[in-house]
Every structure is written in structure tokens, then in C-alpha cells.
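Student: Following this message is one structure expressed as C-alpha cells.
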Amino acid sequence: MENVSNVGQRYDDCGRVYLRRLTPEDVTDIYIEWFRDSVVTEFLNSRNLNQADVTSYIVEGAEKKIHYMYGIFDDETDRHIGNIKVGPIQWDNLVSDLVCVIGDRNYWGKGLAKEAIRLGNRVAFDVHGMRKVSGGIASGNIGSIKAYTGADWVIEATMSGHHLIDGKPQDRIVVSCFNPEFFPDAPVNSE
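What follows is the structure, given as C-alpha cells:
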């Protein structure tokens, strides 16, 4: 288990990135531009966002305890490079989705998503008390599949032809990570 230190709202494991709860001040023009980039959003449902809607989403999600948004920041420069979302949370089952996006393409291909997902696991488990986090990835999104499975997640299922990407069916790869406090014998896929 990784050591996640909590300095205010900062979650860090002494790696290359850290997580911090997003605030309305984090919703900059650069942030919004990520979701106007067709390469970044190829496998996302969120596109062409505006500042007011994103700010409202961050604030209302936390107030209603539906989801929590964390920024992924470069540890050396403090540059906001992406996001982790814990949610939607099913409080009755203590399970949640965990979504990672590296919006700044200058940071792609460096293994930072894997580091951020590992931090997200710890935040979901230790801060929010989740038993399990899951997500669904289009089979063509090889980078995300590698990032999640490299961050202690396992492939639980494949849903044939679940996604339509550019009008063509792709399988949905269902990945999950289990909180070892609740699942001491759960499978782990780590490097």
C-alpha cells in the first residue's frame, strides 16, 4: 500500500504528481480547452464545456456528496495537467467510479496517469471510505487500459460492442480496484 500524506487537501506519494481537491479557481481557460480538444475527448462523454457549468459541477457534486473532483498537478511545477473524479458514489454500497483524464497532452505517454490513478485509489479508499472503485473503458483506448491495469486495477468484464466510437462498435472493458481493507484476497494487477 502506498503512503499518501495529507497536507490540507493535497494528496501525495512523493511521485511526479499530486492530487488536490478542485475549487472554482481551478476552472481556467486552459482547463476548458482540454475538453474542446478532439484528441483529449475522443473517448470521453464530456465535450465543449464552459466555465460556469464546470464550476457548478465541481461545487454541487461535493455539496451533494455525489462526486468529488481532484486536479492532477505536476509535482515540480504545480501545473494542473488533468483530473480525477471519484463518483458517482453509491454510498449504500460504498462503491464508485474513478475517472482519470490527463488533459494536457504534453504530459501523455509518461506514466503519469498510472501514478494519478494510484493516488486516486488511496483517496477513494482512505478519504471517502470506498470498498471498490470501477470504470468502463472503450477497448480502443489502449493508453487508459494500460494506466488502470498498471495502477493495481483488474479487468472484471468485457461488454461486447457497448460503445460506438466514430460510428463503429467497440467493447467496454470494465476495470476495478478493490480496497484491501474490505477485500484482503482481491486480485491485483500491478507491475
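Residues 1 to 191 in full-length UniProt numbering are what the sequence shown lists, from first letter to last. The beta carbon of each residue, even a glycine, is placed where N, CA and C say it ideally should be.
Which residue comes first and which comes last in the beta strand (DSSP E) that contains K85?
Tutor: Position 85 of the sequence shown, counted from the first residue, corresponds to residue 85. First-last of the beta strand (DSSP E) with K85: H80 to Q90.
Student: Confirm, please, whether the CB-CB distance from I84 to L19 is below 8 Å.
Tutor: The count along the sequence shown starts at 1 and reaches residue 19 at position 19. The count along the sequence shown starts at 1 and reaches residue 84 at position 84. Yes, Cβ-Cβ distance for L19 and I84 is below 8 Å.
Student: For a minimum of 3 consecutive residues, which ranges assigned as the beta strand (DSSP E) are wholly contained in the UniProt domain "N-acetyltransferase" (16 to 148)?
Tutor: Segments of the beta strand (DSSP E) lying fully in the UniProt domain "N-acetyltransferase" (16 to 148): 17 to 21, 68 to 74, 80 to 90, 95 to 102 and 132 to 138.
Student: Pairs of beta-carbons, one from the segment 65 to 83 and one from the segment 103 to 113, closer than 8 Å: are there three or more?
Tutor: Result yes; three or more Cβ-Cβ pairs closer than 8 Å.
Student: Reducing DSSP to helix, strand and coil, say where G161 ends up.
Tutor: As a first step, residue 161 must be located in the sequence shown, where it is residue number 161. The answer is strand: DSSP assigns G161 an E or B state.
Student: Alpha carbons only, please: which of V59, I32, T77 and C14 is nearest the one belonging to T23?
Tutor: Here residue 23 refers to the residue found at position 23 when the sequence shown is read from its first residue. For T23, the nearest C-alpha among the options comes from V59.
Student: Please report the straight-line C-alpha distance between V175 and V154, rounded to a whole angstrom.
Tutor: Taking the sequence shown and counting its residues from 1, the one referred to as residue 175 is at position 175. Taking the sequence shown and counting its residues from 1, the one referred to as residue 154 is at position 154. Roughly 5 Å separates the two Cα atoms.
Student: Taking the continuous beta strand (DSSP E) assigned at Q170, which residues delimit it?
Tutor: The residue you call residue 170 lines up with position 170 of the sequence shown. Start and end: K168 to F178.
Student: Classify D12 as helix, strand or coil using the three-state DSSP reduction.
Tutor: One-based indexing of the sequence shown puts residue 12 at position 12. Strand at D12.
Student: Could you check if T149 is buried or exposed, using at least 16 other CB atoms within 10 Å of its CB as the buried criterion?
Tutor: In the sequence shown, the residue the question calls residue 149 occupies position 149. With 16 or more Cβ atoms within 10 Å of its Cβ, T149 is classed as buried.
Student: Would you report the Cα separation of K146 and D92, rounded to the nearest angstrom?
Tutor: Along the sequence shown, read from residue 1 onward, the residue named residue 146 stands at position 146. Along the sequence shown, read from residue 1 onward, the residue named residue 92 stands at position 92. Computed Cα separation, rounded: 30 Å.
Student: Using C-beta distances below 6 Å, list every residue in its chain close to H162, excluding the 5 sequence neighbours before and after it, in chain order.
Tutor: Numbered from its first residue, the sequence shown carries residue 162 at position 162. Within the same chain, H162 has close Cβ partners R172.
Student: When DSSP labels each residue in this structure, what does V7 get in the three-state scheme?
Tutor: Reading the sequence shown from its first residue, position 7 is the one you call residue 7. Reliability fails at V7, whose pLDDT of 31 lies under 50, so the model's placement of it is uncertain and no value is given.
Student: Going along the chain, which residues of its own chain have a beta-carbon closer than 7 Å to the beta-carbon of S5, five neighbours each way excluded?
Tutor: Walking along the sequence shown from the start, residue 5 turns up at place 5. Only weak support is given to the placement of S5: the predicted model assigns it a pLDDT of 34, under 50, and the value that follows is read from those uncertain coordinates. Cβ within range, chain order: D12.
Student: DSSP state of V154, grouped into three classes?
Tutor: Translated into the one-based positions of the sequence shown, residue 154 becomes position 154. Here V154 sits in strand by DSSP.
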